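Protein chains in written order, with my numbering: chain A, 1 to 419; chain B, 1001 to 1419.
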């Protein structure tokens, strides 16, 4: 059977399973999640055995130590997967909630009922824990899911999916509610992206290249973010000690993630005091500073920034620094180079705080807090399946609610339309 | 200048204008809408003069009388456009509303702030009143819009857009907040669909061919419905008089629209009584019935239905009729042939009403009311810019709120992340 036929059959089976999942009551979904958590523990040896096949292949292919580390399912990784399942089981179920109904003049009662999206397609790279996390969030929100992880994790992902499917079946649910694509070919991704009748949403997670490929080839709506070029703007009159803590945290605490700060903007009146204080502290932590001319005048050890630095997502201990005339200039810089991900201001001024919240065009905008808080867990959504920087459907971290939609339900007693 | 360059410049100008529109307070947006309404009245002669150019071209091209009727801007059409602008001005502005903020354990205050989407691209056929309606809804929701109407309406649409742009400018807003694509070539549509950096949403309105073309070529998210294959299921024990009124209304009141009934499903126990009563009434109104074998046994004047009738969207005085064993069979038929648009049940049974609401997979599901109520105005959204049958972002009629999204706004006092 061809890849295309197999993928089409998987998508049709997922659609069938999704109808059953949509009707599944919350307590049953929670019981299944807890049963999967327990099953992962019982089958730990098998999972780690399959994982070792991926690891030896990865070593043979010369993957980097960092990649191999991400690929490894150690005891701690497995325990984290199990804990994740229990956490998702404990979250509120968004499905079935109904907005306050309103009455139309003709007596029709109208409400919006929250329902699952249907079938989710996840396309991601390497880490096998995403397989379990994504399955948990999709099941809890009443969806079916088709998972296409990195080719280097195929044996691990198939082992995990087999255990999940088996547990679903033992609990009277369709095992096809969670399926792993069994092909490593790119053609399998293209085939998946063409199943618009049976897949409702594609969520890609990975590098910009993967995401651009998905967006370009998908006939299905895609929720994605390309990159996080996040700014912190230190305003005139800001508490400079607070600003230093926030900037240090936003850059240094975990530089390789999308909500880390990539460019620091400083009001010209604070530049001397602030940059001479925070600059050496950042450099002492290993941060390479790439500054504009005014920054270099204050921090001679910084590297001159080029035009390529302003739109850069370093994901590393590198920081672009620019001194700006005022908040207009800061907002203009963010409008030009921001990626719609996360923007923060440190300020003591009420009006400028309000204006920044309104005008900075990003999924999360913060006053006096680190950019690192753009995260579903940190913002109180419970768990996240990804972050969206496009505005349709979801903008920012996506939790369970973002895996659902609403339909209109209308109760009448014989109403017909006359005009 | 090439079509591609012009379209790219229009999209960039729309992005600029959208930033200003996003900040525009409600009272100023309302004042502009009322000013546009007044300006359309003052320039009626010019608009109708330009419209006559389109009409004589349409006649020369041999367009049907129905098409020419839809293209004509008579005094009544113009008055309706003006009234529409006043109605949109009177609607609540969704922009700026904030969900109840919640406090995180670390003291961060998180809320979701409703914001405009940015730039909307509308691609539609022929009727010039869509130009004014869409401009009104996009402006009121703080967006900029690029309009690409039917080529046969180009002179009319350009005249309308010029008046809108002029009024925007006189009120201190960018005239590029509303732009009409000045090309009739298909290449202009393709170019528009490639502006993913500067257009946030595409809304196509028209025949299935246009919509499939848009979905296939767009790099931008698309909200659309392909077709409305809407069912009414008459349940066992239903009030048959009510069912007859609802079915007659759903089929006959306006057969050419997407929320008209296309297939009638009748429980076998009611088929004899119901079909022999409603069948002749529908046929007397000019409806051609295409029935399954059990229908034909009761209504010998009906035509036999073929397999092609169950997925058909007739948009005409034709109705497919099927007798089903029970509600399971009705729901299975709807799952197989429904288009996710509108589904209705006529029933007296509490449990089956609840089940139908949950399980019929459509943007609007009704109990004891006509399918014709799937309409933004009828459901109380105020006005609609289209109906979505895909589940992402909006499912069902789209009003002002569906032209917006939310971003997270976070207020802190120095919080940094430790894990």
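For glycine and all other residues, C-beta sits at the position ideal for the given N, C-alpha and C. Only a predicted model underlies this, so the values are computations on that prediction, with no experimental measurement involved.
CA-to-CA distance, residue j to residue i, given in whole angstroms
i	j	result
residue 1002 of chain B	residue 1185 of chain B	12 Å
residue 1337 of chain B	residue 1330 of chain B	11 Å
residue 1198 of chain B	residue 1328 of chain B	47 Å
residue 1401 of chain B	residue 1060 of chain B	42 Å
residue 1301 of chain B	residue 1281 of chain B	12 Å
residue 256 of chain A	residue 398 of chain A	20 Å
residue 1207 of chain B	residue 1315 of chain B	11 Å
residue 252 of chain A	residue 1390 of chain B	42 Å
residue 349 of chain A	residue 210 of chain A	42 Å
residue 297 of chain A	residue 278 of chain A	15 Å
residue 1375 of chain B	residue 1258 of chain B	10 Å
residue 343 of chain A	residue 1144 of chain B	23 Å
residue 1352 of chain B	residue 1332 of chain B	14 Å
residue 43 of chain A	residue 216 of chain A	39 Å
residue 1245 of chain B	residue 1325 of chain B	23 Å
residue 1172 of chain B	residue 313 of chain A	37 Å
residue 1272 of chain B	residue 1304 of chain B	17 Å
residue 13 of chain A	residue 229 of chain A	39 Å
residue 1097 of chain B	residue 1415 of chain B	25 Å
Any chain B beta carbon closer than 7 Å to residue i
i	result
residue 370 of chain A	yes
residue 357 of chain A	yes
residue 104 of chain A	yes
residue 108 of chain A	yes
residue 364 of chain A	yes
residue 235 of chain A	no
residue 185 of chain A	no
residue 54 of chain A	no
Own chain, CB closer than 6 Å to residue i, minus 5 neighbours either side, in chain order
i	result
residue 1412 of chain B	1108
residue 396 of chain A	363, 364
residue 121 of chain A	146, 192, 199, 202
residue 142 of chain A	21, 22, 95, 116
residue 11 of chain A	195, 198, 199
residue 1285 of chain B	1252
residue 410 of chain A	108, 110
Assumed close pair residue i, residue j - CB separation to whole angstroms, cut-off 8 Å
i	j	result
residue 247 of chain A	residue 267 of chain A	Contact doesn't hold; Cβ gap of about 13 Å is too wide.
residue 128 of chain A	residue 149 of chain A	7 Å
residue 1319 of chain B	residue 1242 of chain B	Their Cβ separation, rounded to whole angstroms, is 18 Å, which puts residue 1319 of chain B and residue 1242 of chain B out of contact at 8 Å.
residue 1139 of chain B	residue 1033 of chain B	7 Å
residue 1321 of chain B	residue 1264 of chain B	5 Å
residue 1153 of chain B	residue 1076 of chain B	Contact flag wrong, Cβ pair sits at about 17 Å.
residue 1231 of chain B	residue 1068 of chain B	Actually they are not in contact, since the Cβ atoms of residue 1231 of chain B and residue 1068 of chain B sit about 34 Å apart, beyond 8 Å.
residue 84 of chain A	residue 27 of chain A	At roughly 19 Å, the Cβ-Cβ gap does not stay under 8 Å, so residue 84 of chain A and residue 27 of chain A are not in contact.
Sequence-distant residues of its chain with Cβ nearer than 8 Å to residue i (five each side left out)
i	result
residue 214 of chain A	123, 189, 193, 202, 204, 222, 224
residue 87 of chain A	382, 383
residue 1125 of chain B	1149, 1150, 1205, 1206, 1207, 1210
Min CB distance residue i to chain A below 7 Å
i	result
residue 1128 of chain B	no
residue 1221 of chain B	yes
residue 1192 of chain B	no
residue 1367 of chain B	yes
residue 1200 of chain B	yes
residue 1117 of chain B	yes
Own chain residues within Cβ distance below 7 Å of residue i, not counting five before or after
i	result
residue 159 of chain A	46, 47, 50
residue 1219 of chain B	1193, 1194, 1196
residue 1101 of chain B	1109, 1110, 1111
residue 1090 of chain B	none
residue 274 of chain A	234, 240, 243, 266
Residues, ordered as in the chain, of the stretch 242 to 272 of chain A that lie near chain B by beta-carbon distance below 7 Å
Here the close residues are 242, 245, 246, 249, 253.
Which residues, taken in chain order from the stretch 400 to 419 of chain A, show a beta carbon closer than 7 Å to some beta carbon of chain B? Among the residues of the stretch 400 to 419 of chain A, those with a Cβ less than 7 Å away from any Cβ of chain B are 405, 406, 407, 408, 409, 410, 411, 412, 413, 414, 415, 416, 417, in the order of the chain.
- Query: Can you list, in chain order, the residues of the stretch 1308 to 1328 of chain B whose Cβ is nearer than 9 Å to any Cβ on chain A?
  - Reply: none
Quiz item: According to a CB-to-CB cut-off of less than 9 Å, which residues of the stretch 1379 to 1400 of chain B neighbour chain A?
Solution: Those residues of the stretch 1379 to 1400 of chain B placed with their C-beta closer than 9 Å to a C-beta in chain A are 1379, 1380, 1390, 1391, 1392, 1393, 1394, 1395, 1396, 1397, ordered along the chain.
Checklist entry - What residues from the stretch 1338 to 1357 of chain B come within 7 Å of chain A, judged by C-beta to C-beta, listed N to C? => result 1357
Worksheet item: Using a Cβ cut-off of 7 Å, which residues of the stretch 120 to 148 of chain A contact any Cβ in chain B, in chain order?
Response: none
- Query: Of the residues that make up the stretch 1001 to 1025 of chain B, which ones have a beta carbon closer than 9 Å to any beta carbon in chain A?
  - Reply: The stretch 1001 to 1025 of chain B vs chain A, Cβ under 9 Å: 1019, 1022, 1023.
Looking at chain A, which residues of the stretch 1069 to 1084 of chain B have a Cβ within less than 7 Å of any of its Cβ atoms? Taking 7 Å as the Cβ-Cβ cut-off against chain A, none of the residues of the stretch 1069 to 1084 of chain B qualify.
Worksheet entry | Positions along the stretch 1204 to 1215 of chain B whose CB lies within less than 7 Å of some CB in chain E | Here chain E cannot be found, since the structure's protein chains are A and B.
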